[in-house]
Amino acid sequence: QVQLVESGGGLVQPGRSMTVSCKASGVLFALYTLGWYRQAPGQQRELVAQITPGGKIDYANAVKGRFTISRDSTKSTVSLQMNRLHPGDTAQYYCNAEQTITRQQYWGQGTQVTVSA
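In our numbering, the protein residues as written are -2 to 114.
And the structure:
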């Protein structure tokens, strides 16, 4: 059974940093592209960052230079370090795993990140 479990969300002040992490189980980690998506109220879910098994990374323009995605194959985790947060980053953040060949996708339950003074 595939499970993606996020952790690390919460309330943070503008300009500060936060890290969200996702632990995967039930998947062959090395075969999956891992990503973080976010969805703000009334908006569509959007890709924030993703990292392939080979380490290729893509970021949304809105977070380039501020966010860093990383994966740890020994722990089956993917993390998103978020710096210089601003209120526009407030959203539910979702972990995603996509099998590179079949394109089968799995989602975590989401973790809320709120940036507010």
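Built from N, CA and C at the ideal position, the CB exists for glycine as well.
Computed from a predicted model, the values in this text were never measured in an experiment.
With three or more C-beta pairs closer than 8 Å as the rule, is the region 3 to 17 touching the region 53 to 62?
No, they do not touch.
Please report the straight-line C-alpha distance between V2 and I98, rounded to a whole angstrom.
By 1-based counting over the sequence shown, the position of residue 2 is 5. By 1-based counting over the sequence shown, the position of residue 98 is 101. Going from the Cα of V2 to the Cα of I98 covers about 23 Å.
Classify A46 as helix, strand or coil using the three-state DSSP reduction.
For the purposes of this step, residue 46 is taken as the residue at position 49 of the sequence shown. Strand at A46.
Give the C-beta separation of P50 and L77 to the nearest angstrom, bearing in mind that I take them to be a contact with Cβ-Cβ under 8 Å.
Counted from its first residue, the sequence shown places residue 50 at position 53. Counted from its first residue, the sequence shown places residue 77 at position 80. In this structure P50 does not touch L77 by the C-beta definition: roughly 17 Å separates them, more than the 8 Å allowed.
Ordered list of beta strand (DSSP E) runs contained in the region 30 to 86, each at least 3 residues:
The region 30 to 86 contains these whole beta strand (DSSP E) runs: 43 to 48, 54 to 56, 64 to 69, 74 to 79.
Based on DSSP bridge pairs, tell me the residues matched to V(-1).
The count along the sequence shown starts at 1 and reaches residue -1 at position 2. Answer by DSSP bridge pairing: none, since V(-1) is not bridged.
CA nearest to the CA of G52, picked from Q40, I66, Q41, G39
Position 55 of the sequence shown, counting from 1, holds the residue named residue 52. Of the listed residues, the one whose Cα sits closest to G52 is I66.
Inter-residue CB distance, A88 and A37 (contact presumed, cutoff 8 Å)
Position 91 of the sequence shown, counting from 1, holds the residue named residue 88. Position 40 of the sequence shown, counting from 1, holds the residue named residue 37. Rounded to the nearest angstrom, the Cβ distance from A88 to A37 is 4 Å, consistent with a contact under 8 Å.
Assuming R35 and V24 make a contact with CB atoms under 8 Å, what is their CB distance in whole Å?
Within the sequence shown, residue 35 is the residue found at index 38, counting from 1. Within the sequence shown, residue 24 is the residue found at index 27, counting from 1. V24 and R35 do not touch by the CB rule: their CB atoms are close to 22 Å apart, not below 8 Å.
Proximity winner among K20, Q(-2), Q102, relative to S70 (alpha-carbon distances):
The count along the sequence shown starts at 1 and reaches residue 70 at position 73. Restricting attention to K20, Q(-2), Q102, the CA atom closest to the CA of S70 is found in K20.
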